Every structure is written in C-alpha cells, then in structure tokens.
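This report concerns only the one structure given below.
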Amino acid sequence: MRSNLYGTVINRNWSVKEEVTTGFVKGELDGTLFGLPYSGNVGAQFVNTDQTSNGFTNDSGTCTGQTPDTCKGLTGGKSFTDVLPSVNLALELGNDQIMRLGVGKTLSRPKMGDMRASMDAPSVNNSLPVKVLRASGGNPELEPFRATAFDLSYEKYFGSKGYVSVAGFYKDLNTYILTLGREFDFKNYLTPNTVLPPNGSTVGILTQPINGTGGTIRGIEMAVNIPLSLLAKPLDGFGVSVNHSDTKSSIKLPTSAFPNASAQIPDIPLPGLSRKVTNLRFYYEKHGIQFAVAQRKRSDFLGEVTDYKDDKEITFIKGESVVDLQLGYEFQRGWFKGLSVLFQANNIGDAKFQQYTTDPSKITDTKVYGRTYMFGLNYKL
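Going by the working numbering, the letters in the sequence shown line up with residues -1 to 379, in that order.
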C-alpha cells in the first residue's frame, strides 16, 4: 500500500510521548476544633515529566521519497519537575452540615494536539494587509497550567440525595496556556516551492500554543439537588438539580508576542472561560426508568487572541443555551434482566456557535452543528 504524502495528510502524522514519574507522601488528620470533629489529610506529590514529540511540516515538497520517513521531520520536547503540596480539611458542623477547606498547588496538562511537533508550511496570506510568511503548529515544549488554589465550601444534606452547597474559590495562576502568533524565522523550513513576501523576508508569524505567566481565577459556585419526594410522597423518583457559577479571570499576555506595542498591554480574561454558567436538570429515576432533561447556559467568553504586535485581534464567542434529553430503561426481572436501553438527544434546540470581535450584535462567523441522536444497549451478566 502506498503512503499518502499529501501535505495536509502528512501533517496529521504526529506523535506525543510522555513519561511521568510520580511519588507522594500523605498524612491523615483527625481531631476536634472548638468541640467540632474534623478530618482530612496533608501531603505532597512529586511529579517529573519528560515529554517528546515527532511531526512533519505540511508540505510534501520536503519528501524525497514515497514514505513518511523520507520527509523533513520535526522533533522537540522538554523535561520538568513539579512539587505539589496540599491540605484538605472537613469540619462537621452537626445536623448534616459540613465545611470543607482545600489549599494546594495543582497542575493541568496540555491537550495532546497542542504538544505536537507538526507545523503547517509557511505561506503568504495575500488577503491580509501585512504581507509576511505565516504558519501554525503545535509546541512540544509546552508546559501545563499551574496554580496555587484555595477552596472553601459549605454543604447541607437532606435525606439520602438532597443537598445544598456554596463554594468560593481562588486560583493564583503561575503558568497558563494561550494560542498566540509570535515572530518566527522560517528560513530552515522553506522549500523551493515557498513563495516569499514582496520584501523577501523569511521572518513571519508562527501561531502556536505558548505558556504565559501570571493571572487569577476567582469566583463562587452554588449547587442544589432536591428530590421532590421531600415535598410530596407521590413525587418519589422525581428531582431537580441546579448549579450556577460566577467566575472572574484575568491573565497577563506575554510581552514577547507584542514586541512593538507602544502602550501597556491590558489583561484579558482566560480564553474559553465564561463569566456565568448555569446547569438545570429535571429527572425521574425509579423502577428502572431514567429520564432527564438538562439545560446548560453560559455567557459570552473570549475565544482567542490572534496575530501579534499592534495587529492583535480578539475574538469572542456568544453565549449559548443547549438542551439535552436522556431516556433509559433497565429490565429488572424476567428474561431480559440485566439489559438496559438508552436514548439520548443532544442540542435539541439546535443552538448556534457564533463569533464576534467587539459588538455582540455584529456576528462575524456562525456555525450550526445540528442535533445529535444516540441509541445504545447494555447487558450485565
């Protein structure tokens, strides 16, 4: 079988390898505070990460033969070590009430695609006012999100399923991940087919995920789950759950991405994070029947920051309201005992994905993904 070395195909032929070594120490906490019992733990985790990636440029002109190993390959990687101390405490207040406190350092790994070594072939976009070479790709040297986190919550339980909780959180970001364009010299990635800009410069813009430093995430989250049998016995099996979060975030854009900016670069919210998110779910669970209607509503959020220097452009995503439906039944007796069927309908309101730059009423891009239907069978022996 002949390998397909078309540019966009060879560019998808990448790999990421991670070797993660972890060790930890942990101690249990148990006692009383002001006459109230508490429990928890204290400890630290030691994480060593060694990551590498292999990939290709999106240009079959770099291939000297008919197989991927004859194409110009890209490699990269990085090693780093993290120490993550943490303390978690739960204080029992009586009457099914609990206060929880968590303090610690945390990390969240990048997506595999962000760590790929692949890069598009550089080219000039003649539709843009500034004629320079441009390309996009991954970053095999990308490090994870790191934060020092503080969480405090209050929980009140009713019966076996009902509860109310209020939580406040604050995260001091040490590192974050953001996709930006930066100045890059493509001279080692050009082929005889590469068309240079009018000035002949090989220096252009490479858009890739990078690490930034400094920023905060803070907010409050409220959740409630009410089995309706608490209100009336005939409603046994029915329930309503709601959670709502109000989150503020601020990150400092890397100055390396805006070398010619004359004014101070303003802080921006963390891309992908809505200020307000609400989830509402109405359900029935009894006699093997599972039925639920759920709605997820989120406010506008920052999508991405593109370009660099004074030509940066910020793209926002309009908030959306997505409604999902789930219906299932598990046979509890007879020949079909152990068999369960499930039907799901996602985005039944056909919510749109819309982008804008400065004015929410002036949409610059709209995508309609449609509804999704799924049917499944499961059998337990």
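By construction, the Cβ of each residue, glycine as well, lies at the ideal position given by its N, Cα and C atoms.
Treat the numbers as computed from the prediction; the structure is a model and nothing was measured.
| query | Which class does residue 199 belong to by DSSP, given the choice of helix, strand or coil? | reply | Reduced to three states, the DSSP call for residue 199 is coil.
| request: Report the residue from 287, 224 and 24 whose alpha carbon sits nearest the alpha carbon of residue 84. | output: Of the listed residues, the one whose Cα sits closest to residue 84 is 24.
| task | Just list the beta strand (DSSP E) runs in the region 238 to 300, keeping only unbroken ones of 3 residues or longer that don't cross its boundaries, in chain order. | result | Listed in chain order, they are 274 to 284 and 287 to 296.
| task | Give a yes or no on whether the C-beta atoms belonging to residue 202 and residue 132 are separated by under 8 Å. | result | It is a contact, given that the beta carbons lie within the stated cut-off.
| query | Do residue 21 and residue 44 have their C-beta atoms within less than 8 Å of each other? | reply | Closer than 8 Å, so yes.
| field | Sub-8 Å separation of residue 223 and residue 282 beta-carbons | value | In this structure, residue 282 does not lie closer than 8 Å to residue 223 by Cβ.
| said: Could you check whether residue 273 and residue 245 sit closer than 8 Å to each other, using their CB atoms as the reference points? | reply: Result yes, Cβ atoms of residue 245 and residue 273 sit closer than 8 Å.
| field | Local conformation of residue 127 per DSSP, three classes | value | Residue 127: coil per DSSP, three-state reduction.
| message | Assuming residue 114 is part of the beta strand (DSSP E), what are its boundary residues? | response | Neither: residue 114 is in no beta strand (DSSP E) and is coded neither H nor E.
| query | Using CA coordinates, which residue listed in 181, 105, 172 and 349 is at the minimum distance from residue 214? | reply | Residue 172 is the option with its Cα nearest to residue 214.
| task | Identify every residue that forms a DSSP beta bridge with residue 97. | result | Note: residue 97 sits in a beta bridge opposite 89 and 152.
| Taking the C-alpha atoms as reference points, what is the distance between residue 342 and residue 120? | Taking the straight line from one Cα to the other gives about 43 Å.
| message | Tell me the rounded alpha-carbon separation between residue 16 and residue 243. | response | When rounded, the distance between both Cα atoms is 34 Å.
| task | Flag residue 324 as yes if its beta-carbon sits less than 8 Å from any beta-carbon of chain B, otherwise no. | result | Among the chains of the structure shown, chain B does not appear; only one protein chain is present.
| query | Just how far apart, CA to CA, sit residue 326 and residue 370? | reply | Whole-angstrom Cα-Cα distance: 16 Å.
| Beta-bridge pairing of residue 216 - partner residues as DSSP gives them | Residue 216 pairs with 168 and 246.
| query | What three-state label does DSSP hand residue 315 in the structure shown? | reply | If DSSP states are grouped into helix, strand and coil, residue 315 belongs with the strands.
| residue 78 versus residue 284 - alpha carbon distance | Residue 78 and residue 284: Cα-Cα distance of roughly 50 Å.
| Given a threshold of 16 other Cβ atoms within 10 Å of its Cβ, counted over all protein chains shown, does residue 26 qualify as buried or as exposed? | Exposed.
| For residue 232, the three-state DSSP class (helix, strand or coil) | Residue state, collapsed to three classes: helix.
| query | Any chance the region 319 to 336 sits against the region 344 to 359, with 3 or more Cβ pairs inside 8 Å? | reply | Between the region 319 to 336 and the region 344 to 359, the count of C-beta pairs closer than 8 Å reaches three or more; the two stretches touch.
| What does a CB cutoff of less than 8 Å around residue 36 pick up in its chain, not counting 5 residues either side in sequence? | Within the same chain, and ignoring the five residues on either side of residue 36 in sequence, the residues whose Cβ sits closer than 8 Å to its Cβ are 27, 28, 29, 30, 87, 88, 89 and 90.
| Expected contact under 8 Å - CB spacing of residue 143 and residue 106 to nearest Å | Residue 143 to residue 106, Cβ: 4 Å. Contact.
| Is the CB-CB distance between residue 298 and residue 317 below 8 Å? | Contact: yes.
| query | Can you tell me whether residue 186 is buried or exposed, with buried defined as 16 or more other CB within 10 angstroms of its CB? | reply | In this structure residue 186 is exposed. Its beta-carbon is surrounded by fewer than 16 other beta-carbon atoms within 10 angstroms.
| message | Going by DSSP, what residue range makes up the beta strand (DSSP E) through residue 341? | response | Residues 337 to 344.
| task | Please report how far the alpha carbon of residue 220 lies from the alpha carbon of residue 166, in whole angstroms. | result | Going by the C-alpha atoms only, they are around 9 Å apart.
| said: Can you give me the C-alpha to C-alpha distance between residue 235 and residue 291, rounded to a whole angstrom? | reply: Taking the straight line joining both Cα atoms gives about 14 Å.
| message | Quick check on DSSP: helix, strand or coil for residue 371? | response | Three-state DSSP puts residue 371 in a strand.
| Would residue -1 be called buried (16 or more neighbouring beta carbons within 10 Å of its own) or exposed? | Here the model assigns residue -1 a pLDDT of 41, short of 50, so the residue's position is not dependable, and the following value carries that caveat. Exposed: under 16 other Cβ atoms inside 10 Å.
| Among residues of its own chain, excluding the 5 on either side of residue 110, which ones have a beta-carbon nearer than 7 Å to its beta-carbon? | So the qualifying residues of the chain are 14.
| field | Proximity below 8 Å, CB of residue 209 to CB of residue 141 | value | Yes; because the gap between Cβ atoms is below 8 Å, this pair is in contact.
| said: From the DSSP secondary-structure annotation, give me the bridge partner or partners of residue 349. | reply: Bridge partners of residue 349: none, in fact.
| So, using beta-carbon positions, are residue 361 and residue 354 closer together than 8 Å? | Yes, they are a contact pair.
| Short Cβ contact (8 Å threshold) for residue 336 with residue 378 | A Cβ-Cβ contact shorter than 8 Å links residue 336 with residue 378.
| Identity of the residues DSSP links to residue 17 by a beta bridge | Residue 17 is bridged to 48.
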